[in-house]
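Numbering (the UniProt record's numbering), first residue to last: 1 to 321.
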């Protein structure tokens with residue numbers, strides 16, 4: 001779907017993107033994560049052709065973006081929707097008119113426009129607000145309007161730039177659930193730029209972590225949380241303690257299974273362990289227990305054999321002195 005190879009971008013002498021290699025699959029939800037200034041929003045704008053790049057290759061559906069002429073680029077953008085942190089709604093227009101705006105830009109007839117607008121307003125759950133103006137809406141409702149507007153032409157790609165950053169946690173969760181629903185119902189590929197790891201955890205299939213214009217980590221979200229590597233721990237503000245023993249990160253699919261696992265562990269194994277951290281995490285495909293156990297070095301091999309027998313995903317984190 002989207003292939004990025006050796007991508008470079010500079011603003012004057014400032015290197016914003018450096019040697020970016022990335023593949024985003026059709027129909028997945030992909031997260032671009034990092035602190036402010038990491039280059040994630042610039043990469044997003046390269047993907048939709050708003051920002052030219054200085055080197056490397058960026059192909060969307062096999063098309064090299066940099067080689068498109070103005071007319072071709074305009075037509076290419078028809079297939080990409082985009083939503084922002086600040087909603088960017090037309091204040092003098094009601095919900096219907098805001099959602100209809102892209103249809104007018106693309107000179108769609110009134111019958112098709114009306115059909116699509118009402119379909120998208122229904123999809124985002126705002127039928128009763130269709131005549132309301134932005135000032136009469138909450139932040140979450142405004143973002144729903146922005147999503148409906150971005151999807152009204154039924155693009156194959158939806159780009160979300162910090163789309164939940166200005167929302168309270170409950171409203172943000174409802175917007176993420178809506179994006180998951182759109183992904184499932186319409187098969188749209190969604191790319192989410194965020195600095196919030198909880199957003200990635202809840203909605204993304206895979207992710208890439210950017211730092212100073214470089215990708216320093218990428219892969220499946222669950223696997224990266226399980227590996228708990230140093231770059232991810234730094235972003236989350238967590239540190240591992242260096243104590244004697246072996247630290248093992250475990251992931252138990254389906255949150256209802258973890259109590260059974262620990263009950264059986266205590267009754268079947270004569271091994272002392274300590275739960276260093278852990279809790280229920282809400283990933284895109286369901287809740288799971290994710291935590292770190294400390295095992296004495298002499299028991300580690302036996303414990304890992306037990307985990308394999310129980311088909312529990314695990315990664316060895318740190319060995320102490």
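The beta-carbon is built from N, C-alpha and C at its ideal position, and this holds for glycine as well.
The structure displayed is predicted, hence computed values, not measured ones.
Residue(s) in a DSSP beta bridge with residue i
{"i": "residue 5", "result": "57"}
{"i": "residue 16", "result": "Bridge partners of residue 16: none, in fact."}
{"i": "residue 10", "result": "15"}
{"i": "residue 303", "result": "Residue 303 is not bridged to any residue."}
{"i": "residue 235", "result": "In DSSP, residue 235 forms no bridge with anything."}
{"i": "residue 230", "result": "DSSP, once it has assigned bridges, lists no residue as partnering residue 230."}
{"i": "residue 315", "result": "249"}
{"i": "residue 112", "result": "Residue 112 pairs with nothing; no bridge assigned."}
Proximity winner among the options, relative to residue i (alpha-carbon distances)
{"i": "residue 212", "options": "40, 142 and 274", "result": "40"}
{"i": "residue 96", "options": "124, 293 and 299", "result": "124"}
{"i": "residue 276", "options": "262, 255, 270 and 249", "result": "249"}
{"i": "residue 32", "options": "218, 282 and 271", "result": "218"}
{"i": "residue 26", "options": "52, 114, 157 and 88", "result": "157"}
{"i": "residue 50", "options": "73, 34, 6 and 37", "result": "73"}
{"i": "residue 210", "options": "2, 37 and 1", "result": "37"}
{"i": "residue 295", "options": "174, 280 and 270", "result": "270"}
{"i": "residue 289", "options": "307, 308, 253 and 314", "result": "253"}
{"i": "residue 284", "options": "35, 173 and 24", "result": "173"}
{"i": "residue 43", "options": "224, 159 and 222", "result": "159"}
{"i": "residue 127", "options": "167, 99 and 180", "result": "99"}
{"i": "residue 145", "options": "216, 155 and 175", "result": "175"}
{"i": "residue 258", "options": "53, 307 and 235", "result": "307"}
{"i": "residue 24", "options": "228, 224, 273 and 208", "result": "208"}
{"i": "residue 35", "options": "216, 251, 256 and 101", "result": "216"}
{"i": "residue 164", "options": "229, 194 and 181", "result": "194"}
{"i": "residue 129", "options": "110, 87 and 94", "result": "94"}
{"i": "residue 227", "options": "314, 2 and 155", "result": "314"}
{"i": "residue 87", "options": "177, 166, 223 and 102", "result": "166"}
{"i": "residue 106", "options": "181, 71, 135 and 131", "result": "71"}
{"i": "residue 59", "options": "1, 12, 13 and 14", "result": "1"}
{"i": "residue 186", "options": "135, 155, 225 and 245", "result": "155"}
{"i": "residue 244", "options": "220, 230, 273 and 109", "result": "273"}
{"i": "residue 85", "options": "101, 77, 76 and 168", "result": "168"}
{"i": "residue 22", "options": "101, 220, 177 and 76", "result": "220"}
{"i": "residue 251", "options": "233, 225 and 171", "result": "225"}
Supposed close pair residue i, residue j - CB separation, criterion 8 Å
{"i": "residue 10", "j": "residue 4", "result": "Not quite, the Cβ-Cβ distance comes to about 16 Å (not below 8 Å), so this is no contact."}
{"i": "residue 190", "j": "residue 183", "result": "5 Å"}
{"i": "residue 261", "j": "residue 188", "result": "Incorrect: roughly 36 Å between the Cβ atoms, too far for contact."}
{"i": "residue 46", "j": "residue 89", "result": "Not really, about 25 Å apart at Cβ, beyond 8 Å."}
{"i": "residue 133", "j": "residue 162", "result": "In fact, because the Cβ distance is near 24 Å, the residues do not count as touching under 8 Å."}
{"i": "residue 317", "j": "residue 247", "result": "4 Å"}
{"i": "residue 20", "j": "residue 55", "result": "The Cβ separation is near 10 Å, so there is no contact."}
{"i": "residue 30", "j": "residue 206", "result": "6 Å"}
{"i": "residue 278", "j": "residue 297", "result": "Contact doesn't hold; Cβ gap of about 21 Å is too wide."}
{"i": "residue 214", "j": "residue 28", "result": "Not really, about 22 Å apart at Cβ, beyond 8 Å."}
{"i": "residue 310", "j": "residue 287", "result": "Not a contact, Cβ separation roughly 18 Å."}
{"i": "residue 180", "j": "residue 203", "result": "6 Å"}
CB contact below 7 Å: residue i versus chain B
{"i": "residue 294", "result": "Judged by its chain identifiers, the structure shown contains no chain B, having just a single protein chain."}
Sequence ranges, beta strand (DSSP E) only - wholly within the segment 186-228, length at least 3: The segment 186-228 is shown to contain whole beta strand (DSSP E) runs of 3 or more residues at 189-194, 206-211 and 214-220, in chain order.
Every unbroken beta strand (DSSP E) within the segment 29-101, with a cutoff of 3 residues, ordered by chain: You should have 29-33, 55-60 and 80-84.
Any alpha helix (DSSP H) of 4 or more consecutive residues that is wholly inside the segment 241-299: Listed in chain order, they are 258-268.
Segment contact flag, the segment 132-149 with the segment 47-64, C-beta cutoff 8 Å, min 3 pairs: No, they do not touch.
Touching by the beta-carbon criterion (3+ pairs, under 8 Å), the segment 141-151 and the segment 77-88: They touch, by the three-pair rule.
Uninterrupted beta strand (DSSP E) stretches inside the segment 115-182 (no shorter than 3 residues): With a minimum length of 3 residues, the continuous beta strand (DSSP E) runs that stay inside the segment 115-182 are 157-161.
Contact between the segment 113-122 and the segment 199-206 (3+ Cβ pairs under 8 Å): With contact defined as three or more Cβ pairs closer than 8 Å, the segment 113-122 and the segment 199-206 are not in contact.
Touch test, the segment 258-272 against the segment 286-303, Cβ-Cβ under 8 Å, three pairs minimum: The segment 258-272 vs the segment 286-303: in contact.
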